[in-house]
Amino acid sequence: MTSVPLVDLAAQQDQVAEEVALGWAEVLKATAFVGGPQVSVFEKEFAAYSGVRNCVGVANGTDALELALRALGVRPGDECVLPANTFIATAEAVVRAGGVPVLVDCVEDTALIDVDKIMEKVGPRTKAIIPVHLYGQTAQMEEIVRISNATGVSVLEDAAQAQGARRNGVTAGGLGDVAATSFYPGKNLGAYGDAGAVLTGDDTIAAKVRLLGAHGSPRKYEHTEIGFNSRLDTLQAVVLSAKLRRLEAWNTARRAAAARYGELLGDLSEVRLPVVLEGNEPVWHLYVVRVPERDRVLSELHAAGIGAGIHYPTPVHLTGAFTSLGHGPGDFPVTERIAGELLSLPLFPEITEAQQSFVAETLAKAVR
Ligand SMILES: Cc1ncc(COP(=O)(O)O)c(C=O)c1O
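All residue numbers for the sequence shown refer to our numbering, where the first residue is -11 and numbers rise by one.
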């Protein structure tokens, strides 16, 4: 058996190559590299797909989070509540917007934010709650929206890993006040470089994000506030439109692959399989199991040519970047414990049964 990568972008590239080449030829001819008509075409398509009124393309997912927080009115010293178990960008964006990240532990089975621990972190300075739809399944949004309604705190979904995921029939991006997503190449909907977007049903938030991402400029050479340069490139918009047409089929294929892992690994008592919350339709951005002696198991998978990974090895509060938060080991015990057990197995729409069987057999040998 040859190697099995964690994600196989080449397989996806083959499917859209022709469409992208045709679209890019038009962009190159028109030389509208920034702000070409393809950008607003994609924004409309992705807004419609996500079931919200507005999509604003930006340069990457971290900018999408930051600009969304600024549009929500986060001011220096305002607190934003987010899970300790997330990619660092969720917390980074809060600091970049001038805010203070306030972390919450995750729950044991799904690794998602523990909604029962949010309220104790909400205080007079809290401006936003940022649930992260980690690994491709949405957080328990009803409880978060209930807290938001009761306290007036806004909800920003970090939907970077959840394009097309649904909770009780509602697509990620339409479950809070505003959402940020990333089109980093390995995401379910990935560009050919960095790209991101903000989704919202609120026209005022959308207009503010658009203004901030374009040098605070509502019209050429008129600048009403200090902004940023954070726009979705026209060439990336072409790629994203081509891939969006295939996203549902790709997400369906990911679900089938996740179900197959469930069958292949179901009898291994040493392997804890991912748990899906009732009401969730995940898109399996990552297929994350939990195993004892994870580092040894991971090395054995790597030695066999399997591109397994860890998402994430170090919880936000234990990274060097966030020592200023003043946390230490033991502050978020569930997040810290599972950080030593998490193991992401290869999963992408085109993964074959043979590849999955090889992963399962190698994993079975490694854990026994
Ligand atoms: C949960 C989460 N939030 C935010 C980001 C940041 O996105 P980007 O890398 O496009 O800045 C990512 C992905 O990288 C992510 O996985």
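Glycine included, C-beta positions come from ideal geometry on N, C-alpha and C.
The beta-carbon separation of G189 and R63, rounded to 23 Å, does not stay under the 8 Å limit for a contact. Put simply, of V44, R134, V90 the residue whose alpha carbon is nearest the alpha carbon of T114 is V90. Per the C-alpha coordinates, the member of V82, V264, T126 positioned closest to L313 is V82.
It is roughly 10 Å from the alpha-carbon of P337 to the alpha-carbon of H273. Judged by the Cβ position, Y249 fails to qualify as a neighbour of ligand 1 at the 7 Å threshold, every heavy atom of the ligand being at least this far. Between E288 and T350, the alpha-carbon positions lie close to 8 Å from each other. Your pair V141 and I117 checks out as a contact, with CB atoms roughly 6 Å apart and the cut at 8 Å.
Distances from the CA of G39 to each of G164, E341, S205, E266 were compared; the closest alpha carbon is that of G164. Judged by DSSP in its simplified three-state form, T188 adopts strand. Excluding the 5 residues flanking it on each side, V120 has same chain C-beta neighbours closer than 6 Å at P71, T74, T78, D146, in chain order. In the same chain as T323, and ignoring 5 residues on each side of it, the C-beta atoms closer than 6 Å to its own belong to A72, N73, D93, C94, P303, in chain order. Contact check for V46 against G201 passes: the beta carbons are separated by less than 8 Å.
Taking all protein chains shown into account, H305 has 16 or more neighbouring C-beta atoms within 10 Å of its C-beta and is therefore buried. Taking C-beta separations shorter than 7 Å and ignoring five residues to either side along the sequence, the partners of D102 in its chain run V92, D93, C94, V95, following chain order.
As DSSP reads the structure, T19 sits in no beta bridge. L286 has its Cβ no nearer than 7 Å to any heavy atom of ligand 1. Going by C-alpha positions, T311 is about 42 Å away from G24.
V15 has its alpha-carbon roughly 11 Å from the corresponding atom of V27. For T50, the uninterrupted alpha helix (DSSP H) segment begins and ends at 49 to 59.
DSSP places G250 in no beta strand (DSSP E) but in the uninterrupted alpha helix (DSSP H) bounded by 222 to 253. Annotation: R58 to L252 spans about 46 Å, alpha carbon to alpha carbon.
Judged by DSSP in its simplified three-state form, V103 adopts helix.
Judged by their CB atoms, V110 and I135 are nearer to each other than the 8 Å cut-off. By the neighbour-count criterion, in which a residue is buried when 16 or more other Cβ atoms sit within 10 angstroms of its Cβ, I294 is buried. When secondary structure is reduced to three states using DSSP, D2 falls in the helix class. When the five nearest sequence neighbours on each side are left out, the beta carbons in the same chain lying within less than 8 Å of the beta carbon of G254 are those of L261, in order along the chain. Inter-residue distance for V29 and G308 is about 41 Å (C-alpha atoms, whole angstroms). Per DSSP, the beta-bridge partners of L91 are L70. Close CB contacts of H211 within its chain, under the 8 Å cut and outside five residues either way in sequence, are with H203, G204, S205 (chain order).
For I135, no beta strand (DSSP E) segment is defined; the enclosing uninterrupted segment is the alpha helix (DSSP H) at 129 to 139. DSSP places R282 in the helix class (H, G or I) of the three-state scheme.
Here L60 has A116, S142 as same chain residues with Cβ atoms under 6 Å from its own Cβ, once five neighbours each way along the sequence are excluded. Contact check for A148 against T126 fails: the beta carbons are separated by 8 Å or more. Comparing alpha-carbon positions, the option among S332, H290, P112 lying closest to A138 turns out to be P112. With respect to F171, A160 sits apart: the two C-beta atoms are not nearer than 8 Å. Contact between V44 and E31 holds, since their C-beta atoms are separated by about 7 Å, short of 8 Å.
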